[in-house]
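**Q** This is the structure I want to talk about, given as structure tokens.
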Amino acid sequence: MAKKITQQVEAELFDISELSTVEKSLVDHAISAVENAYAPYSNFHVGAAVLLNNGEVVKGSNQENAAYPSGLCAERVAIFSAGANYPSEQVKMIAIAAKPKDARDFVMASSCGNCRQAMMEYESKQDEPIQLLFVRPNNEILKTTVGDLLPFGFDSKSLKGA
1 MAKKITQQVE
11 AELFDISELS
21 TVEKSLVDHA
31 ISAVENAYAP
41 YSNFHVGAAV
51 LLNNGEVVKG
61 SNQENAAYPS
71 GLCAERVAIF
81 SAGANYPSEQ
91 VKMIAIAAKP
101 KDARDFVMAS
111 SCGNCRQAMM
121 EYESKQDEPI
131 QLLFVRPNNE
141 ILKTTVGDLL
151 PFGFDSKSLK
161 GA
């Protein structure tokens, strides 16, 4: 007989005014990164900002390509850049902001599966949760972790059969 497994995830919803100074600054970096998006095909602009444990902030924006699989999302641009330029630093937090090109307001855009997996790799590598801040409409911020965003995630322990 099958046994039901329930996986709970946690997320919190905040007004942007309730964030710490560090969190608010990271959100501001993600919002500014939206302006650097190259999205001539989708016209959907996304910015991400990665906070490292040394205080450095690495920004990324989505970069599209006419050959769609060749582009990269903002989260992977930012986290791969952080990994390449600061290989020994841990990722503490990632803020993500998104909106249609000419829109005034931001929309909630949860990370795609590829980005979730890429972020999971860094969380697994450092064996420390990575906090995520998603900008939502009306100055709301959804706060969660990579592990909660990707329940039953695949990581290095999966390869070892753990």
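In terms of UniProt numbering, the sequence shown opens at residue 1 and continues consecutively.
We put the CB at the ideal spot given by N, CA and C, even for glycine.
Between which two residues does the alpha helix (DSSP H) carrying residue 148 extend?
**A** 146-149
**Q** Which first and last residues belong to the alpha helix (DSSP H) in which residue 165 is found?
**A** Missing from the structure shown is residue 165; the chain here goes from 1 to 162 and no further.
**Q** Identify which residue in 33, 135, 97, 22 has its Cα closest to the Cα of residue 54.
**A** The candidate whose alpha carbon is nearest that of residue 54 is 22.
**Q** Tell me which residue opens and which closes the beta strand (DSSP E) that residue 136 is part of.
**A** From DSSP, the beta strand (DSSP E) with residue 136 extends over 131-136.
**Q** What did DSSP end up calling residue 15 once you bin it into helix, strand or coil?
**A** Note: residue 15 maps to strand in three-state DSSP.
**Q** Is it buried or exposed for residue 138, if we count other Cβ within 10 angstroms and need 16 for buried?
**A** It counts as exposed.
**Q** Going by the beta-carbon positions, is the gap between residue 79 and residue 132 smaller than 8 Å?
**A** Contact: no.
**Q** Between residue 52 and residue 24, how many whole angstroms is the CB-CB distance? I'm expecting something under 8 Å.
**A** The Cβ separation is near 17 Å, so there is no contact.
**Q** At the level of alpha carbons, what is the spacing between residue 86 and residue 76?
**A** 15 Å
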